[in-house]
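2 protein chains.
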Amino acid sequence: MRYLPLRKSSNYGAAMTTANIRSVSSGVNQSGVRDHNERLLLTLLQRHGALAGSDLARLANLSPQTVSIILREMEAEGLLARGAPVKGKVGKPSVPMSLAEGGVLSVGCKIGRRSAVLLLADFRGTVRQQLQITYAYPLPERIFAFLREGLTQILASCSPDERTRICGIGIGVPFELWKWNELVGAPAEEFLLWKDVDFASELAEFTDLPVSLVNDATAGCQAEHIYGRGKEFRDYAYFFVGAFIGGGIVLNNSVYPGHRGNAGALGSLRSFGPQGESQQLIDVASIHLLETRLIENGHDPADLWTLPQDWSRFPRFVDPWIGRTAQELARASLSVCAVIDFEAILIDGAFPTSVKHELVERTRRYLVNQDMRGLIAPRVEAATVGFNARAIGAAASPLFDRYFMNGNVRLSA
Amino acid sequence: MRYLPLRKSSNYGAAMTTANIRSVSSGVNQSGVRDHNERLLLTLLQRHGALAGSDLARLANLSPQTVSIILREMEAEGLLARGAPVKGKVGKPSVPMSLAEGGVLSVGCKIGRRSAVLLLADFRGTVRQQLQITYAYPLPERIFAFLREGLTQILASCSPDERTRICGIGIGVPFELWKWNELVGAPAEEFLLWKDVDFASELAEFTDLPVSLVNDATAGCQAEHIYGRGKEFRDYAYFFVGAFIGGGIVLNNSVYPGHRGNAGALGSLRSFGPQGESQQLIDVASIHLLETRLIENGHDPADLWTLPQDWSRFPRFVDPWIGRTAQELARASLSVCAVIDFEAILIDGAFPTSVKHELVERTRRYLVNQDMRGLIAPRVEAATVGFNARAIGAAASPLFDRYFMNGNVRLSA
DNA sequence: GAATAAATAAATAAATGAGATTTATATATT
DNA sequence: AATATATAAATCTCATTTATTTATTTATTC
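Those protein sequences? They're chains A and B, same order as listed. Under this note's numbering, the first residue of the first sequence is numbered 1, with each subsequent residue one higher. Under this note's numbering, the first residue of the second sequence is numbered 1001, with each subsequent residue one higher.
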């Protein structure tokens, strides 16, 4: 956890944050305690915004002295910034501390079916730089060339100090990308190249940054969790309606990527067609359905994606699509709540905000008509991060690896 | 964690085991470290059986010295028993330590739709005493009278030392019991009494034991997790096919009861009938379906439940029931795996072992014909604890509260 | 084949060290 | 004067490190 001079650590014991997780695994010693408490304070600052030491002590259930020591240490490392003393209350004014925006930087990348994004984010989640390419379908060579060049460009724009503060690169990729050839219209054989790609070693060719690999929709969930409305709920399921729908889940205030990195594969939820035939949510609640409909009617599907988005030109297609999607989301929400008693369902997607709100509203209406025996009705809410969620969330992944509390394991890169 | 003389603890800090959990919550101090490490060693002993200190040190990633100190302390408290030294290897013989069976005792209770069970289990999970009542449907007065008398009887049979070693009472109850009146055939009004029942305060009338409340199927899952095949898997979903089907889930080697205690409400999973109408799993994969069929054909349904169970007299009804149930379980398994990428699906129920194995086998066969795009196929396995799982698991709940590692929160009683 | 030394592993005592808490004090405000 | 924040110094807990003891197997010697 120490920034430049690495904390002297023994062979025994471990950071507490990850201890629960690797099953029944690791014992803990004092440096594990410090690591845990540092992450805890950083996480509280991340979630609540600026807080005085005394507040942190109360929230963390630690003695003020302990908090003071840890804060001064992290301040000296440049991780924390000191705010203006707050007067107006009896007693010595408190000094609110907050995450120093330039204290840690992180790189995120999202590999989508139509485009890839590479960005640099700071400790507070603000995007500092963003690069993008589009393609008919992604292939490894093209993607890694983009990453190599993009990373060079990003690093070139950073000061030497900033470069040392970049803590890693997170990559959001769809699960088993090589099987998506049909959906994206790529030749199966060529697309199979993805199967043997090892992201960590490919990236090691041109960077020493630690790499974390995340499911793309899970990354979107991560972004919503820290920069959006995620903090409001302890347990929730997150739907991201993109060209193909995907999802992520949050348990105990932590994104849960799953043992094999495939938790929240909500696109694979079972649905059924009018004749009772089995389908998957991805077949009935994705934007590509709308795209197909537009093409069939002689419109250019690219209009759906160009920014700033405006879908109001196609009400004849958009409206029924929203209805169908809402119905499917309502059913899917309950299926999901039978597995985990989620407090809420958050819905986001690559669509205009007005569409999102309409979709949420209609999903709520469908929900009350469902059979809810034995279930606790979840709240259905609109997520706020939107379009870029997956790349931003990917960038958050290395931050969590080193600085924040995370109940959960992630895919080894 | 200290047994009789409670560990002196400060107002600050907390046990680490629960720290991750209560969200971003508690900081940790030295006594939290000790608590964590003690629980870790006990959990390792619970899962692996007897282990020498040197092995524990390696598994827990703690120094041998630390393990030695903790083991001697827990041995002095009577929690651990010393095994015969193991010779035959180079070096000083190792002394395997194991959970002392009488070291901790625990009471468990399961309230079912047809019967209630109260039992006393030891630290190793062995049932020492078991009491049972049956009824047409459960009502609070009757149940609490049973608990009061049963507990008195159990305590009377214990030595004074044993009484002090009982660490709590766990109660497994169906979620929102007061809504089950239709299914069990009880008058709605009378059954509604359950709604305002506060188990903790009712039990406080006649016992000082700490009370933990758990969902009944989750309790079954807990039992399988520690005494059955659960240790083999890190993440799995557990189906218990009783009069009504229910379930539980395990994440990161810990039973996850859910924020509101209703995770693994697998009976509420959506299914669909021949006309595409929406149903719940509980309507299509429960033993009560078979019961109804037997009644329709003039058989006595009690024959299904009398021990030792023998269902071979009704092949004409049992066989199609297994087929239908297997088909539903196969579908449900995939729905569940879209939410969490479970390694395995464990199936148990209140049926003879032969029926269980047939059901598992057929579920596997149906599974391979399902649409598995985007999913990782889970293993389907037969659970082993069986009939009594829910009461045994309920008894395990207080043990986990105090002695074992548990990544997860439980319902506050 | 018996005696003996060397090697190895387990277990633990004593010293050390990390890090949290407790107690006490300075400081800035109402 | 009262109160709350912040921190210095002393204390305490608990894990690690280092060193020692003990019990065993294995190799060597007589």
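Glycine included, every Cβ here is placed at the ideal spot set by N, Cα and C.
Inter-residue spacing [alpha-carbon to alpha-carbon] between residue i and residue j
| i | j | result |
| --- | --- | --- |
| E190(A) | T384(A) | 36 Å |
| R1364(B) | P315(A) | 46 Å |
| L399(A) | E1381(B) | 38 Å |
| K195(A) | P1352(B) | 44 Å |
| L155(A) | R163(A) | 7 Å |
| L45(A) | Y366(A) | 38 Å |
| P1308(B) | G1386(B) | 12 Å |
| V336(A) | E1232(B) | 25 Å |
| D1216(B) | Q1279(B) | 22 Å |
| P320(A) | L289(A) | 11 Å |
| E1141(B) | N369(A) | 35 Å |
| R1379(B) | A1200(B) | 39 Å |
| C1158(B) | R1260(B) | 35 Å |
| V1173(B) | L1213(B) | 7 Å |
| R1047(B) | S1068(B) | 19 Å |
| D1303(B) | V1284(B) | 21 Å |
| I1376(B) | Q1153(B) | 50 Å |
| G1276(B) | E277(A) | 8 Å |
| R1402(B) | K1179(B) | 32 Å |
| E1291(B) | P1301(B) | 5 Å |
| P1257(B) | F342(A) | 12 Å |
8 Å contact criterion, which residue i and residue j should meet: CB distance rounded
| i | j | result |
| --- | --- | --- |
| L1281(B) | I1245(B) | 6 Å |
| M405(A) | L40(A) | 6 Å |
| L1334(B) | I1347(B) | Going by Cβ atoms, the distance from L1334(B) to I1347(B) rounds to 14 Å, so no, they are not a contact pair. |
| V241(A) | V1033(B) | Not a contact, Cβ separation roughly 45 Å. |
| A1394(B) | I1171(B) | 6 Å |
| E73(A) | R82(A) | At roughly 13 Å, the Cβ-Cβ gap does not stay under 8 Å, so E73(A) and R82(A) are not in contact. |
| R331(A) | R1390(B) | So it is not a contact: roughly 30 Å between Cβ atoms. |
| L1139(B) | L1193(B) | 7 Å |
Cβ-Cβ distance between residue i and residue j below 8 Å
| i | j | result |
| --- | --- | --- |
| L1062(B) | N1037(B) | yes |
| I340(A) | F239(A) | no |
| I1287(B) | A1243(B) | yes |
| T134(A) | E101(A) | no |
| E1202(B) | F1144(B) | yes |
| A237(A) | G247(A) | yes |
| L1146(B) | L1118(B) | It is Phe, not Leu, that sits at residue 1146(B) in the sequence shown. In this structure, L1118(B) lies closer than 8 Å to F1146(B) by Cβ. |
| A60(A) | F175(A) | no |
| R373(A) | S1026(B) | no |
| H1225(B) | V1255(B) | yes |
Burial state of residue i (16 or more Cβ within 10 Å)
| i | result |
| --- | --- |
| T306(A) | exposed |
| K92(A) | exposed |
| R1234(B) | buried |
| A204(A) | exposed |
| T66(A) | buried |
| K1356(B) | buried |
| Q1222(B) | buried |
| K110(A) | buried |
| W1392(B) | The residue you asked about is not Trp; residue 1392(B) is Ile in the sequence shown. Its Cβ being crowded by 16 or more others within 10 Å, I1392(B) is buried. |
| P160(A) | exposed |
| D35(A) | buried |
Close beta carbons around residue i, own chain, < 6 Å, minus the five adjacent residues each side
| i | result |
| --- | --- |
| G112(A) | none |
| Y1003(B) | For Y1003(B), the pLDDT reaches just 33, beneath the cut-off of 50, and the residue's location in the model is therefore unreliable, although a value from the coordinates is still provided. Cβ within range, chain order: E1077. |
| N181(A) | A188, F191 |
| F1123(B) | L1099, E1101, G1103, V1104 |
| Y1137(B) | V1184, A1186 |
| S23(A) | The predicted model places S23(A) with a pLDDT of 44, which falls under 50 and marks its position as unreliable; any figure quoted below should be read in that light. Correct list: empty, nothing qualifies. |
| V318(A) | W311 |
| N297(A) | none |
Spatial neighbours of residue i in its chain, beta-carbon cut-off 7 Å, leaving aside the 5 residues before and after
| i | result |
| --- | --- |
| I166(A) | L105, S106, V107, L209 |
| R362(A) | I322, G323, A326 |
| R148(A) | F206 |
Neighbourhood of residue i by C-beta distance below 8 Å, restricted to the same chain and skipping five residues each side
| i | result |
| --- | --- |
| S1094(B) | A1052, G1053, S1054, D1055, P1085, V1086 |
| T207(A) | L151, I169 |
| L71(A) | L41, G53, L56, L80, M97 |
| N1262(B) | F1175, N1215 |
| S1115(B) | Q1132, I1133, T1134, Y1135 |
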